[in-house]
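Student:
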Amino acid sequence: MGIDVVRKKLSIRSWRRGTKELDLILGRFSDDNIYMFKMSELELYEQFLSNEDYFIYSWLFEKEESPKIFKMLVKKIQDSMDH
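So the sequence shown is residues 134 to 216, counted in the numbering used here.
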């Protein structure tokens, strides 16, 4: 699968979460950042999106500590939420 197809697939997954709030947070993040991601970063983002919305929300709003593998990604998303 080509990198552009992966980007498109992850963009759609970002905009179609279970909650409107995560749709907006992750959708905007993907619109602003995903085109710059290398394949390894896309694979990590895909792993991140594979988690339940409850966990993603808890990590982003610091209700729970995110797994170490996602720490940098969570920080990037949190930074994008401030804009």
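Positions of the beta carbon are idealized from the N, C-alpha and C atoms, including for glycine.
Please read these numbers as outputs of a predicted model, since none were measured by experiment.
(1) Just list the beta strand (DSSP E) runs in the region 173-198, keeping only unbroken ones of 3 residues or longer that don't cross its boundaries, in chain order.
(2) Following the continuous alpha helix (DSSP H) through Met217, name the residue where it begins and the one where it ends.
(3) Check Arg149 in the structure and name its three-state DSSP category.
(4) Around the C-beta of Ile210, are 16 or more other C-beta atoms found within 10 angstroms, so that it is buried, or is it exposed?
(5) At the level of alpha carbons, what is the spacing between Phe188 and Glu197?
Tutor: For this structure:
(1) none
(2) The displayed coordinates of the chain run from 134 to 216. Any statement about residue 217 would go beyond what the structure contains.
(3) Locating residue 149 in the sequence shown gives position 16, counting from the first residue. DSSP places Arg149 in coil when its eight states are reduced to three.
(4) Indexing the sequence shown from 1 puts residue 210 at position 77. Per the 10 Å Cβ criterion, buried.
(5) The residue labelled residue 188 in the question sits at position 55 within the sequence shown. The residue labelled residue 197 in the question sits at position 64 within the sequence shown. Distance between the alpha carbons of Phe188 and Glu197: 8 Å.
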